[in-house]
Structures are given as structure tokens and as C-alpha cells.
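Number of protein chains: 2
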Amino acid sequence: MKRIAESTVRRLSLYLSFLEGIERQGLTTISSDELAQMGGTTSAQVRKDLSLFGSFGKRGLGYSVPELSRKLREILGLGKEWRVCIIGAGKIGAALARYRGFAERGFQVTGVYDVDDAKIGKKWENLNVRAIADLEKDSAKHAYDIAVVATPAENTPAVVKQVLRAGIKAILNFAPIQLAVPADVTVRNVNMAMELEGLSFALSNRGD
Amino acid sequence: MKRIAESTVRRLSLYLSFLEGIERQGLTTISSDELAQMGGTTSAQVRKDLSLFGSFGKRGLGYSVPELSRKLREILGLGKEWRVCIIGAGKIGAALARYRGFAERGFQVTGVYDVDDAKIGKKWENLNVRAIADLEKDSAKHAYDIAVVATPAENTPAVVKQVLRAGIKAILNFAPIQLAVPADVTVRNVNMAMELEGLSFALSNRGD
DNA sequence: GATAGTTTGTGAACTAATTCACAAGCCCTC
DNA sequence: GAGGGCTTGTGAATTAGTTCACAAACTATC
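If you're matching them up, the sequences are chains G and S in order.
Letter by letter, the first sequence follows residues 24 to 231 of our numbering.
Letter by letter, the second sequence follows residues 24 to 231 of our numbering.
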């Protein structure tokens, strides 16, 4: 299959979330133009994005909401249950562990790890906090698919080394540093400082 | 000035964070190639990004670390103190309010708001939680520059209406919905479900 | 102060992403 | 079952973003 751009994948995700809302409203079909307007893009963009994976619509009519939902879930790999571990038993991890939306989409948080001895062994969001050193042997039975790294910057390189050793191939990184990983490991960075700086830039340069 | 792409701004932010690390190490100059390697890009990209704002380097030598830091901070608008309010006294807001990196970069969280009567009036991360209804009158004296919206999806449209009414022109949105705002308001979305779905896609399509 | 060795800054070339524009296909009505 | 009214799917055109490649400019050395 042709390489799919990250921006395309983000939009597919967005379309899916719109479709879920529409499904709840009980509507059964939707046009590319309606989806486009909800997402702040163009109808051509929507059709092009979808056409990369097949042709799911009916000319003159639009897309069947449940069918397109199903297809998008399939494309995004949301058919299976993904096993997620959180590294760093802090606020960010807690926000993720609590959010019901993840479980609904098949992301199950089944382990939490930390370096802090004071936290290890304690209950945290219905899970026992374990030592990072245990990650590798735990992953033999837990088979984690995704690691959420939410540790302070200074600990993160060591933590990532453990994650890689555990054979985990996908990382959601909240630490404000760049991770060094082999090519077969996918990383998505969420960097709140960067987002705030983007807003700062926008505020400082309005009107030029 | 020429329109600057969001991807460029993100990279500038990234360069700045590298420079801060390098500054701590005590190095005084750096080449575009070194910066590029840290950020996983090319030296040409680095030079092009910087050249959009001026020419800060010395041929044959590279860039002065403190000078380039200063310039980047200026470009990104980090010279001034930005006043930030957090809407939604939950885990995400708490993670932001606590992170020392923000204060260091000039983002000061000076107010927290919530809809939940049980939270209003309580202390939260050294701040008093206030009612969202108070945002508009508070912003007269607080002059918030940026609102961090971290509320459940269902409350978010109403919350955003209040934010706009308070005259705030920059929003960092963590709610998993698309915000409708006028053109002079800048929004950055952080959507963790979307990030996890991106990883799910990558895991499901490895090797094609 | 000439030469060798670097590294910047930037047009030009290239690649990727988005938008245009329209034939093809479907529904509905008469 | 023919015609009108929509909306898709997709090549072509356009726009945006990245990389190339090299002259210009600087340092260091002799």
C-alpha cells in the first residue's frame, strides 16, 4: 500500500469522531461536504483521504454513517484490543487512565510503572504501580502494544531503553525531549510547552 | 511578513529546547547540522527555518548558542509573561499547572475555573477554583492571554463561548471536539485519542 | 595575506499535499 | 425508463514544503 501521511491519519481519526456523534443523533448518511465542514477542511480532501483506502460512498447520496464508521475503525486498527502501559504514575498518566473514551476505543491500560520507590507497590487508578525494572519480564505475559511515557525529561532516556527492551513498538511520549528509537518503533510526541509556544507565536505575530 | 507554517513554528520550538540543553552544557556555538541531527531533520531545513526571520549565523562557524536562543525566544514571543487560565480543574489542568517548565518560559497560570459546584471555591494547585460565569469579569483585571480548555466534551462548547466572551484570543484545547471560533482566535488541539489512534494505525499497517 | 577548510544563506529543483473540476453513477420523480 | 439533481471518485493543476547545491563569507594556519 502507498505510504499514508500522518496528516491523513489524523483526519481519519477526526472523521471517525464526527461519525460517532452523528451515529448517536441517529442520522444514517452523510456527504463529504458535511464531514468537511465539521472538520474545517474541504470535501475534496475528505474524498481523497477516504479514496486512499477504497470507495465507500454512493454517488448522489453520500456515505452510510455506520458503514463508514466501521471502515474507519478497521483502517485505524481499532478492531482489536490494544494493551497499554503507562510509565510514570503522575497526573498525565492518571488523566489517560481515567478517560473512558480510551477503553471504548479498545485501549486498555493494564499496567503502570514508575521509578519512584515511594509510589512502587501502591494502588493508583485501580492498578498496582510496579518498578520499571519489571517491565521487561511483565511484558512477556502482558504483551503491551503501546507505552505511554509520561516521566520527567531526565529519566526518560533510561525509561525508553527499558520500553524498547520489552519489545514495545509504539510510544506516546509526553516528555519534552526527542526520543532515539529504531526505525520499526513508532513514536508520537505530545509536547505541551511546544503547543503553548505556538500560541505565543500566534499572539505575537497577529496581523503581519 | 510571509505566512509561517505551523510545522516551522514547531521546529523553532524544538530548536529552542535543544539550545537550552546545549547552553546548560556550556557550549557556545552550534552548526545547523548538529541542530538538525538532534531534531531528526536536515541542516538545510534548519537554515531555511531560521532564514525566514533573519540571518543569525556566521559562515564557517555556525550559530552562537546564546544569541540564537535569544532570537528564537523573541520570534516565539517568549519575551513577555503570558497569563494563562485553566478551565476544568482536573488532572490535565493539574499537570499543566504544576509543570515548572511553563513558568520558566513565561506562562503563568493565574486562574482556574470549573463548572462543578463541588470544586468551586476550593483550593487547587495554589489557586482558588472559580465559577466559569466569573471568567468574563475576572478577565477585565487578570487580562488572560491564553485559555487552556480541559473540560469534558459535552461542556466544552458552552465553556468556549465564555472564553470568547472574555476576549481571550488563544486556546489550547484538550477536549476531543472541534471548536468553532472566529478567525482572530488561534486554537491548538491536543487530542490524546487521536494520538493513540495514530499509533494503532501504525501498528496495524507495519510493513506495507 | 594567501590558502585550506568550514558553514551559512538562498535560489532552483524536487517532492508532497491540497484543491480543482468534471465524468460517472446513483436516487427520485414523473 | 428518461431526465433532473446530487454527490462520489479521481486525474490534472496548483500550492506548499523540503532538499539540493553552490557562491559567499568567515576562521585558522602558515
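Here a beta-carbon is modelled for each residue, glycine too, at the ideal position from N, C-alpha and C.
Since the model is a prediction, treat every value here as computed from it, not as a measurement.
Judged by DSSP in its simplified three-state form, G/T179 adopts helix. Assignment of beta-bridge partners to G/Q131 by DSSP yields G/R106. By the CB criterion at 9 Å, S/A173 and S/G113 fall inside the cutoff. When C-beta distances to chain G are compared with 7 Å, the residues of the segment 155 to 183 of chain S below that value are D168, I169, in chain order. When S/F76, S/I155, S/N212, S/L58 are compared, the shortest CA-CA separation from S/K25 is found for S/F76. Fully enclosed alpha helix (DSSP H) runs of no fewer than 4 residues occupy 158 to 165, 179 to 188 of the segment 147 to 200 of chain S, in order along the chain. A check of alpha carbon separations from S/K103 across S/L91, S/F130, S/R153 identifies S/F130 as the nearest. Closest in C-alpha terms to G/L226, from the list S/A225, S/K192, S/L219, comes S/K192. Within the model, the alpha-carbon separation for S/L202 versus S/K81 is close to 44 Å. G/N149 is outside the set of residues whose beta carbon lies under 9 Å from a beta carbon in chain S.
For G/V186, the CB contacts under 6 Å within the same chain, skipping 5 residues up- and downstream, are A170 in chain order. Within the DSSP secondary-structure output, G/V210 pairs in a beta bridge with G/I194.
Contact annotation for S/F79 against chain G: no contact, minimum CB-CB distance about 17 Å [criterion: below 7 Å]. Taking a cut-off of 8 Å for Cβ pairs, the segment 210 to 226 of chain G and the segment 216 to 225 of chain S touch, as three or more such pairs fall below it.
With contact defined as three or more Cβ pairs closer than 8 Å, the segment 38 to 45 of chain G and the segment 91 to 107 of chain G are in contact. Think of a sphere of 8 Å around the beta carbon of S/K114: the chain G residues whose beta carbon falls inside it are K114, I115, A117, A118, R121, in chain order. Under the three-state reduction of DSSP output, S/D140 falls in the coil class, being neither helix nor strand. Assignment of G/T31 by DSSP, reduced to helix, strand and coil, places it in the helix class. S/L119 and S/L195 have their C-alpha atoms roughly 11 Å apart.
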